[in-house]
Each structure stands twice: as C-alpha cells, then as structure tokens.
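The structure appears below as structure tokens.
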Amino acid sequence: MALTLLATPAFAQSLPYHSDPSAREILPSLTPVPAIRFLTTADFPPFNFRDAGGELIGFNVDLAKRICAEVNVACTIQAWPWEQAASALGEGQGDALIAGLAMSDENGALFDFSATYLALPGRFVTRAADIGLFDANALAGKTIAVRRGSAHETFVTRYLPEAEVARFDSEIAALEAVEKGEADAFFGDAMRASFWLNENLSCCGFAGQPYFRPNLFGEGLAVAVPPGNDAVRHAIDWALVKLKGNGALDELYLRWFPVGFY
Numbered sequence: 003m004a005l006t007l008l009a010t011p012a013f014a015q016s017l018p019y020h021s022d023p024s025a026r027e028i029l030p031s032l033t034p035v036p037a038i039r040f041l042t043t044a045d046f047p048p049f050n051f052r053d054a055g056g057e058l059i060g061f062n063v064d065l066a067k068r069i070c071a072e073v074n075v076a077c078t079i080q081a082w083p084w085e086q087a088a089s090a091l092g093e094g095q096g097d098a099l100i101a102g103l104a105m106s107d108e109n110g111a112l113f114d115f116s117a118t119y120l121a122l123p124g125r126f127v128t129r130a131a132d133i134g135l136f137d138a139n140a141l142a143g144k145t146i147a148v149r150r151g152s153a154h155e156t157f158v159t160r161y162l163p164e165a166e167v168a169r170f171d172s173e174i175a176a177l178e179a180v181e182k183g184e185a186d187a188f189f190g191d192a193m194r195a196s197f198w199l200n201e202n203l204s205c206c207g208f209a210g211q212p213y214f215r216p217n218l219f220g221e222g223l224a225v226a227v228p229p230g231n232d233a234v235r236h237a238i239d240w241a242l243v244k245l246k247g248n249g250a251l252d253e254l255y256l257r258w259f260p261v262g263f264y
C-alpha cells in the first residue's frame, strides 16, 4: 500500500486544476454583489505584503483584483493585522478574507469558504546532483529530514517505515541538513521549501512528484466569507473557474512563484 500511495500521487500535472469544472455553468447573479470588499494582511510575502513604496502587493492581492474584474464588480482591498483579520470579517468590516485562513473545523464553524485556489502539496527535496536519480520507492535506509511534529513527519513514518527519519525543529534546519549532506532528502511543505530553494538553486531542488493529502496537509488556500453570504462566495467560485480556464490563475502563480512547487 505504501508503494502504491507513493507511486501514484494525485494531481501530478505542473499546474493542478483545483476548482470544480462544473462550476463553469453556474453563472452567479451579480445583483446582490455590487462590490467585494476584500480583507487581507500585509505580512506574508509573496502572498500579501507591502513593497518599498508602501503599496499592497502579492499573489493574493492580484488574485482579488482579477476576481473582481472577472465578475465585473467594484473591488477594495484592505490590510489588517493577522490577529485581527478574521475578527474583522466576522464583524462585517469586509465581504471576503483572502489571507490563508486555515480551513479548520474551528474556522469552518465561523465562516464559509470558496473553492481551493492553491493546494499545498508535500514534496521531496534533494541535492541537485541526486534529482535525476531520485526514486520515492527506493528510500529504504535513506535519511529523510522532516520538521519535528509536522504532518509530513507523519507521512514519512506511515508510508516509508524503512527510511531513517531525521527530525529538526524547522523546515529550514531540515533543508540545510540536505544541503550539508547530513540527510539524503527533505520531505515537507512544498510552498515553504520553494521559498528556501529560491535562494539555494545551486544546491538543491524538488525531486519526484507532489503529494496531495488533504487529510494530512490541509485543503490548501481558499477565500473565507461570512456564513450565509452565498452571493459573494458563488461569485468568487465562478471567477476562479474562469480565471483557471483563461490562464490568468496560472499566470499569477508563475509570476509570484518562480520556483514552482508543483
């Protein structure tokens, strides 16, 4: 079973299709959506942050603008401190929060969520010279670096019981172990690993395929809306399908993530 799970990862294409294609046929009624007031934060590059001139930019910011343009409604984007953003949405300060709020049971009791617009797979990282030789089904006796206590540690111990697991306090420390030759590979959150790889391209790179395990790694990123605000949520879902279909979503991904994590 472990070999099968490793050999056939879901959504192995370069840019996975996260939205439900059937939503293409659900044209939202825009009458109750004259505008979308997006809330975000300004402290999580490259998703949402301020540039040197103080302008709010990032993947989420551009996506919010594209969503509004696609459904042809007015759009505002306001930055809040992370610890206040969800409360601001709940208090009616905005119509949608695009800031990576986890789709946890706790948050699900407070908010509704759009379709996933960016899933977050787990991936292996090896030294550059080993990428072409990497085989996920031949890791018995190899040392895999992981962040201690992470879902990715659970994945490795569950599906690769014959591998040696080296546990570190952070993803960075685990990745550096690969760089130093202290581990044969890293397994962890692909998005965070891509940020590190962007600064260490001569050293290392992704090896093998991405692994999408929502039950372990989470559902990915989605837009939160106040409960019952179906008009806004349906408009966002419809826009996400259209943006994927016309290539805009892929273009944003490639612009903001030069080291792609799929």
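In terms of the numbering used here, the sequence shown is residues 3 to 264. Glycine included, every Cβ here is placed at the ideal spot set by N, Cα and C.
Taking only the alpha-carbon atoms, compute the straight-line gap between Glu85 and Gly143 and give it to the nearest angstrom.
43 Å
Should Lys182 go down as buried or exposed, given a rule of 16 or more other Cβ atoms within 10 Å for buried?
exposed
Can you tell me whether Ala348 is buried or exposed? The criterion is at least 16 other CB atoms within 10 Å of its CB, across all chains shown.
Nothing in the structure corresponds to residue 348, since the chain is present only between 3 and 264.
Since I believe Glu72 is in contact with Ala233 (beta carbons under 8 Å), could you give me their beta-carbon distance rounded to a whole number of angstroms?
The pair is not a contact, with the Cβ atoms about 15 Å apart (cut-off 8 Å).
From Glu166, Ala76, Gly55, Phe189, residue whose alpha carbon lies closest to that of Ser172:
Phe189
Backbone CA spacing between Lys244 and Ala66 [nearest angstrom]
13 Å
Per DSSP, which one or two residues make a beta bridge with Tyr213?
Under DSSP, the beta-bridge partners assigned to Tyr213 are Gly124.
Just how far apart, CA to CA, sit Leu135 and Thr128?
10 Å
Within its chain, find whatever has a CB closer than 6 Å to the CB of Asn74; leave out the 5 residues flanking it on each side and keep chain order.
none
From the DSSP output, read off the bridge partner residues of Glu166.
Thr145
With Gly60 and Trp258 assumed to form a contact (beta carbons below 8 Å), what rounded beta-carbon distance in angstroms separates them?
7 Å
Just verifying my parser: in three-state terms, what is the DSSP assignment at Asn74?
Residue state, collapsed to three classes: coil.
Would DSSP call Thr159 helix, strand or coil?
helix
So, under 8 Å CB-CB, Phe208 and Arg125 are touching, yes? Tell me the CB distance rounded to an integer number of Å.
5 Å
Would you mind reading off the limits of the alpha helix (DSSP H) that contains Arg235?
232-247
What are the partner residues of Asn50, as DSSP defines its beta bridges?
Asn50 is bridged to Phe46.
Let me know the secondary structure DSSP gives Asp107 once reduced to three states.
The DSSP-derived three-state label of Asp107 is helix.
So Asp186 and Thr159 are in contact, right, with Cβ under 8 Å, and what is the actual spacing, rounded?
In fact, because the Cβ distance is near 16 Å, the residues do not count as touching under 8 Å.
Leaving out five residues before and five after Phe40 in sequence, what residues of the same chain have Cβ atoms less than 6 Å from its Cβ?
Ala66, Ile79, Ala98, Ile100
For Ala130, write down the residues that DSSP places opposite it in a beta bridge.
As DSSP reads the structure, Ala130 sits in no beta bridge.
For the alpha helix (DSSP H) holding Phe197, just list the boundary residues, first then last.
192-200
Going along the chain, which residues of its own chain have a beta-carbon closer than 6 Å to the beta-carbon of Asn62, five neighbours each way excluded?
Thr42, Phe49, Asn50, Ile100
Note down the Cα distance separating Gly262 from Tyr255, rounded to an integer number of angstroms.
8 Å
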